[in-house]
Amino acid sequence: MALKIDETRCVLCGLCIDDCPADAFSGEGEHVVGQSRVFEAITLDNDKCTDCGACTVSQFWCPAEAIYDAPADKTPFGTPVEVGRGTDGTKYSDLFYQYKEGDDPYITNFANADVPFNYVTRFDSNRFPIPGCNFYYMHWIMPHDEPFLEIGHPPHIHKSAELLFHVGGDPTNPQELNSEVEFFMGVEMERHVFTKSTVIYIPANVVHSPWRPYYTTKPWLFIEVNQGPSHSEKGYHQVLDREQWSSSDLIRPAFADQNY
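Shown next as structure tokens:
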């Protein structure tokens with residue numbers, strides 16, 4: 243395999259110089275545009291190249307897809323474009339998604355439950371809507387006077403680390419959540435209660451929950467960011483008090499074991 247650099251596509255960013263395990267790429271005329279490093283020219287030494295293929299396997303290794311092992315049937319980038327102009331096309335159209343009610347059965351089923359949620363979107367790489375994306379889940383918590391779940395989302399773990407964002411919906415006072423949320427961490431069931439905008443980081447396989455808002459006076463946004471491609475969950479209901487095992491929250495379909 244004799245790799246080449248397509249000079250009509252190369253944007254001279256130098257990532258290949260930094261990341262090539264064989265140090266087969268080199269650059270000349272290094273300078274700065276704005277605050278980013280750029281080169282006047284980049285060359286590839288095929289005598290050093292080990293044909294590992296790393297630079298051609300993923301488009302994220304060379305963002306311009308300028309390194310190839312055969313003549314590339316791709317449109318040249320051409321000259322730089324002005325902000326506000328750009329080019330026409332649909333190459334990236336499938337990476338833009340706007341949720342439409344009824345698109346996702348998971349949301350449709352959960353929305354039928356007696357919970358004050360207004361959904362924004364949900365991503366799951368294996369099912370919906372963009373293959374390759376990580377798992378995301380967003381919805382508004384609407385005003386309510388008392389807890390809408392008996393014990394809350396029961397204790398569970400995920401295969402990947404997770405971030406839970408609780409974002410106040412008042413732009414004039416964004417640190418105020420205008421809600422009181424109860425959350426438990428660990429098999430010890432360490433209890434936390436907060437009323438401010440809060441982010442919770444949960445490492446993989448760390449038991450967490452129940453999660454339960456007590457009340458909400460103004461809408462706020464809940465965002466779940468999972469650092470894996472799809473939802474996984476394994477319940478640890480046994481860490482609850484035995485009297486709570488009969489709670490209907492434990493048998494809600496949305497809280498079932500998945501991908502374990």
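Numbering of the sequence shown is given in the working numbering, commencing with residue 243 and proceeding in unit increments. Cβ atoms here follow ideal geometry from the backbone N, Cα and C, with glycine treated the same way. Just so it is clear, the structure is predicted and the values come from calculations on it, not from any experiment.
By a C-beta neighbour count over all protein chains shown, 10 Å radius and 16 as the cutoff for buried, is V185 buried or exposed?
For the chain, the structure presents residues 243 to 502; residue 185 sits outside this window and is missing.
By DSSP's criteria, W382 is part of a beta bridge. Which residues make up the other side?
Taking the sequence shown and counting its residues from 1, one reaches residue 382 at position 140. W382 pairs with N360, L463.
Can you find the residues in the same chain that come closer than 7 Å, C-beta to C-beta, to S489, ignoring five residues on each side of it along the sequence?
Taking the first residue of the sequence shown as position 1, residue 489 is located at position 247. Same-chain partners within the cutoff: E392, I393.
Is the Cβ-Cβ distance between P455 and S421 less than 8 Å?
By 1-based counting over the sequence shown, the position of residue 455 is 213. By 1-based counting over the sequence shown, the position of residue 421 is 179. Contact flag set, yes.
Classify Q500 as helix, strand or coil using the three-state DSSP reduction.
In the sequence shown, the residue the question calls residue 500 occupies position 258. It is a strand residue.
If you pair each beta-carbon of the segment 403-422 with each one of the segment 472-480, do three or more pairs fall below 8 Å?
Cβ pair count under 8 Å is below three, so no.
What is the DSSP secondary structure of H400, counted as helix, strand or coil?
Stepping through the sequence shown from its first residue, residue 400 is reached at position 158. Reduced to three states, the DSSP call for H400 is coil.
Verify whether the separation of the beta carbon atoms of A308 and L286 is less than 8 Å.
For the purposes of this step, residue 308 is taken as the residue at position 66 of the sequence shown. For the purposes of this step, residue 286 is taken as the residue at position 44 of the sequence shown. Taking 8 Å as the Cβ cut-off, A308 and L286 do not qualify as a contacting pair.
Excluding sequence positions up to five away, which residues of its chain have a Cβ less than 8 Å from the Cβ of V423?
Here the question's residue 423 lines up with position 181 in the sequence shown. Cβ neighbours of V423 beyond the five flanking positions: H408, V435, F436, T437, T440, W453, R454, P455, Y456.
By the DSSP assignment, the beta strand (DSSP E) with I284 in it spans what residues?
Within the sequence shown, residue 284 is the residue found at index 42, counting from 1. Where I284 is concerned, the enclosing beta strand (DSSP E) stretches over 283-286.
Assuming the contact rule is C-beta atoms closer than 8 Å, N468 and H400 should be a hit. Round their C-beta distance to whole Å, please.
Taking the sequence shown and counting its residues from 1, the one referred to as residue 468 is at position 226. Taking the sequence shown and counting its residues from 1, the one referred to as residue 400 is at position 158. Right, their Cβ atoms sit about 6 Å apart.
Return the bridge partner residues of G410 from the DSSP annotation.
Position 168 of the sequence shown, counting from 1, holds the residue named residue 410. Partner(s): W462.
Among D311, H381, Y339, which one has its Cα closest to the Cα of E466?
To locate residue 466, count along the sequence shown from 1; it is residue 224. Nearest of D311, H381, Y339 to E466, Cα basis: H381.
Could you tell me the alpha carbon to alpha carbon distance between D491 and F390, rounded to whole angstroms?
Here residue 491 refers to the residue found at position 249 when the sequence shown is read from its first residue. Here residue 390 refers to the residue found at position 148 when the sequence shown is read from its first residue. Roughly 10 Å separates the two Cα atoms.
For F377 and S367, what's the separation of their Cα atoms in angstroms?
Mapped onto the sequence shown, residue 377 falls at position 135. Mapped onto the sequence shown, residue 367 falls at position 125. The alpha-carbon atoms of F377 and S367 are separated by roughly 7 Å.
Give the secondary structure of S451 by DSSP, where H, G and I count as helix, E and B as strand, and everything else as coil.
Position 209 of the sequence shown, counted from the first residue, corresponds to residue 451. In the structure shown, S451 sits in a strand (DSSP, three-state: E or B).
Identify every residue that forms a DSSP beta bridge with L419.
Translated into the one-based positions of the sequence shown, residue 419 becomes position 177. None; L419 has no bridge partner.
Among all the DSSP beta bridges, which residues are the ones paired with T440?
Locating residue 440 in the sequence shown gives position 198, where the first residue counts as 1. Answer is H408.
Considering V253, what are the terminal residues of the beta strand (DSSP E) in which it resides?
For the purposes of this step, residue 253 is identified with residue 11 of the sequence shown, where counting begins at 1. Run containing V253: none; DSSP gives neither H nor E here.
Less than 8 Å between the beta carbons of K460 and G428, yes or no?
For the purposes of this step, residue 460 is identified with residue 218 of the sequence shown, where counting begins at 1. For the purposes of this step, residue 428 is identified with residue 186 of the sequence shown, where counting begins at 1. No, Cβ-Cβ distance for K460 and G428 is not below 8 Å.
Assuming F497 and I383 form a contact by the criterion Cβ under 8 Å, report the distance between their Cβ atoms to the nearest whole angstrom.
Within the sequence shown, residue 497 is the residue found at index 255, counting from 1. Within the sequence shown, residue 383 is the residue found at index 141, counting from 1. The Cβ separation is near 17 Å, so there is no contact.
If we call anything under 8 Å between Cβ atoms a contact, is L245 one with C291?
Residue 245 sits at position 3 when you count from the first residue of the sequence shown. Residue 291 sits at position 49 when you count from the first residue of the sequence shown. Yes, they are a contact pair.
Locate the beta strand (DSSP E) running through V280, then write down its first and last residues.
In the sequence shown, the residue the question calls residue 280 occupies position 38. Start and end: 278-280.
Determine the DSSP secondary structure at E272, reduced to helix, strand or coil.
Numbered from its first residue, the sequence shown carries residue 272 at position 30. Reduced to three states, the DSSP call for E272 is coil.
Give me the DSSP bridge partner(s) of F504.
Since the first residue of the chain shown is 243 and the last is 502, residue 504 is not available in this structure.
Straight-line CA distance for C294 to I247?
Within the sequence shown, numbered from 1, the residue matching residue 294 stands at position 52. Within the sequence shown, numbered from 1, the residue matching residue 247 stands at position 5. Approximately 16 Å between the Cα atoms of the pair.
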